[in-house]
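Written below as structure tokens is the structure these notes are about.
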Amino acid sequence: MFNLIRRDAILQKRQLFVFMPFILFFIVMNSDPAFIFLVASIFIPFNAYAYDEKAETNILLNSLPYTRKQIIASRYLGAIVYMGLSIGVSSIALFVLDKPFTITDVAIGSSLFLAFVALTFPLFYIFKGSITVVILITFIVLSGAAPPLVTFLAEQLPTITDFIVSLSTPALYMGVASVIVLLYAVSWSITTVIYQRKAF
Numbered sequence: 008m009f010n011l012i013r014r015d016a017i018l019q020k021r022q023l024f025v026f027m028p029f030i031l032f033f034i035v036m037n038s039d040p041a042f043i044f045l046v047a048s049i050f051i052p053f054n055a056y057a058y059d060e061k062a063e064t065n066i067l068l069n070s071l072p073y074t075r076k077q078i079i080a081s082r083y084l085g086a087i088v089y090m091g092l093s094i095g096v097s098s099i100a101l102f103v104l105d106k107p108f109t110i111t112d113v114a115i116g117s118s119l120f121l122a123f124v125a126l127t128f129p130l131f132y133i134f135k136g137s138i139t140v141v142i143l144i145t146f147i148v149l150s151g152a153a154p155p156l157v158t159f160l161a162e163q164l165p166t167i168t169d170f171i172v173s174l175s176t177p178a179l180y181m182g183v184a185s186v187i188v189l190l191y192a193v194s195w196s197i198t199t200v201i202y203q204r205k206a207f
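Below you can see the structure in the form of structure tokens.
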């Protein structure tokens with residue numbers, strides 16, 4: 008299964024040369040560090056899906072000595088591995104360019120990435136066609152709409168807002184982490200079921 012995770016990096020070695028300029032662009036534009044960590048994490052896993060979608064790689068993968076559970080597991084575990092590497096590279100770039108960031112930025116960026124993966128990975132196996140493009144366009148739109156939407160929901164749902172504000176910082180972090188882990192696990196299970204029933 009490690010070879011399946013490594014395959015994504017090998018297939019995209021040319022695109023990896025785009026990765027650093029891509030990250031540097033957001034750093035130079037003074038984007039929020041959490042957002043930089045998020046977009047950096049998205050780069051490799053979603054490029055891998057776009058490649059597989061175009062080349063219909065799943066037909067080849069299913070002819071190899073891997074179970075369908077292992078193929079999906081490599082996707083979800085690979086997303087975590089590449090998220091860690093991407094955040095590491097982005098952190099070094101931010102440090103070298105003297106751009107401040109905190110562990111909270113890392114936590115927010117990684118949490119948003121894992122939530123985005125959990126919500127979108129099942130869609131790759133439900134829909135055929137250029138779903139990757141649709142998902143990335145949706146991500147861009149939501150990135151712009153998220154701050155006003157959060158403000159609007161906070162104003163409309165004062166009870167929930169007051170409850171969240173009343174929580175201690177450790178309790179809030181633990182609560183968010185638990186929800187993200189649960190969401191990721193449920194998504195992994197759903198995608199596995201979908202993939203096992205899918206005909207290629």
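Take 8 as the starting number for the sequence shown in this note's numbering and just add one per residue.
Just so you know, even glycine gets a beta-carbon here, dropped at the ideal spot from N, CA and C.
Exposed is the label assigned to R13, since fewer than 16 other Cβ atoms lie within 10 Å of its Cβ.
Secondary structure note for L126: its alpha helix (DSSP H) is the uninterrupted segment 110 to 133. The three-state reading of DSSP puts P107 in coil, since its state is none of H, G, I, E or B. Nearest neighbour of T199 by Cα position, chosen from K76, L31, L101, N54, turns out to be K76. An exposed status is given to V193, since fewer than 16 other beta-carbon atoms sit within 10 Å of its beta-carbon. Residue burial annotation: P72 is exposed, with fewer than 16 other C-beta atoms found within 10 angstroms of its C-beta. In terms of Cβ geometry, A16 and Y83 do not form a close pair [threshold 9 Å].
Around the CB of G85, 16 or more other CB atoms lie within 10 Å, so the residue is classed as buried.
About 7 Å separates the Cβ atoms of V124 and P52, confirming a contact at the 8 Å cut-off. With contacts defined by Cβ atoms closer than 9 Å, I34 and L92 do not form a contacting pair. Residue burial annotation: P107 is exposed, with fewer than 16 other C-beta atoms found within 10 angstroms of its C-beta. In this structure, V113 sits away from I87, with a CB-CB distance that is not shorter than 9 Å. Between L45 and T111, the alpha-carbon positions lie close to 13 Å from each other. In the structure shown, the three-state DSSP call for K205 is coil. In the structure shown, Y180 adopts helical secondary structure according to DSSP, grouped into three states.
Taking C-beta atoms under 8 Å as the contact rule, K205 and Y132 qualify, at a distance of about 6 Å. Non-local C-beta neighbours of I201 in its own chain, meaning closer than 7 Å and more than five positions away in sequence, comprise P129, Y132, I133, ordered along the chain.
Rounded to the nearest whole angstrom, the C-alpha separation of P177 and A184 is 10 Å. When only Cα atoms are considered, I115 and I78 end up about 28 Å apart.
For the set I49, Q203, A41, I30, the Cα lying nearest the Cα of V103 is the one of I30.
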